[in-house]
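All residue numbers for the sequence shown refer to my numbering, where the first residue is 113 and numbers rise by one.
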Amino acid sequence: MDVEIKQFKKLLRKNEHYVTKARLRLFIALQKTPALSIKDLVKRLPKHDRSTIYRNITAFEKLGIIARLQMGWNSKVELSDMFQHHHHHFTCHRCGQVMNLPENSALENEIAKLASSQNCKQTDHQLEIRGWCKNCLAD
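Next up, the structure:
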């Protein structure tokens, strides 16, 4: 069994949540894709009740299983850093595509220094760059 699935199940049990088929399928769907809107996630899980998906998204967010990426009035969800490598995002204004950017240790160090310079203790962060992807630039 995959390490992340074991960790996921352990986290649910520790927080007194049942490991259900619906939760497991939702987690696996999130493992297989980059950030998705909840609408797209519902499309990927057609056999699941929409309200069950929404309830589980809320529970996953409270438990730190997923992270919500705000994009104006819309949002997308993805697995949190607990289940994947920390990364930043590029979001296209036109098509809405979200791309994971490669890790950059120099940038991570600068972000930590910035927090420290303000006498703050950083726990996490999100960085999102917005613009136009190469496909939309070509149109």
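Cβ atoms here follow ideal geometry from the backbone N, Cα and C, with glycine treated the same way.
*asked:* For ASN168, tell me which candidate among GLN182, GLU222 and VAL189 has the shortest Cα-Cα distance.
replied: Sequence index remark: in the sequence shown, residue 168 carries index 56 (1-based). Comparing Cα positions, the closest option is VAL189.
*Is the Cβ-Cβ distance between CYS245 and GLN209 less than 8 Å?*
Looking up residue 245 in the sequence shown gives position 133. Looking up residue 209 in the sequence shown gives position 97. Closer than 8 Å, so yes.
*Any contact of the stretch 225-244 with the stretch 194-211, i.e. 3+ C-beta pairs under 8 Å?*
Touching, per the Cβ criterion.
*Starting from LYS151, follow the alpha helix (DSSP H) in both directions and report where the run begins and ends.*
Taking the first residue of the sequence shown as position 1, residue 151 is located at position 39. From DSSP, the alpha helix (DSSP H) with LYS151 extends over 150-156.
*Around the C-beta of LEU213, are 16 or more other C-beta atoms found within 10 angstroms, so that it is buried, or is it exposed?*
In the sequence shown, residue 213 corresponds to position 101, counting from 1. By the neighbour-count definition (other C-beta atoms within 10 Å, threshold 16), LEU213 is an exposed residue.
*If we ignore side chains and look at the alpha-carbon of each, how far apart do PHE139 and ASN221 end up?*
For this step, residue 139 is matched to residue 27 along the sequence shown. For this step, residue 221 is matched to residue 109 along the sequence shown. In a straight line, the C-alpha of PHE139 is about 31 Å away from that of ASN221.
*For HIS201, which residues does DSSP report across the bridge?*
The residue given as residue 201 occupies position 89 in the sequence shown. The partner list for HIS201 (beta bridge, DSSP) reads ASN212 and GLU240.
*Do you know whose CA, among SER228, ARG206, ALA224 and THR235, lies nearest CYS248's CA?*
Stepping through the sequence shown from its first residue, residue 248 is reached at position 136. Taking only the C-alpha atoms, the option nearest CYS248 is ARG206.
*Cβ atoms of ALA179 and SER192: under 8 Å apart, would you say?*
Indexing the sequence shown from 1 puts residue 192 at position 80. Indexing the sequence shown from 1 puts residue 179 at position 67. With contacts defined by Cβ atoms closer than 8 Å, SER192 and ALA179 form a contacting pair.
*asked:* Within the continuous alpha helix (DSSP H) that includes VAL131, where are the two ends?
replied: Translated into the one-based positions of the sequence shown, residue 131 becomes position 19. In this chain, VAL131 is not harboured by any alpha helix (DSSP H), its DSSP state being neither H nor E.
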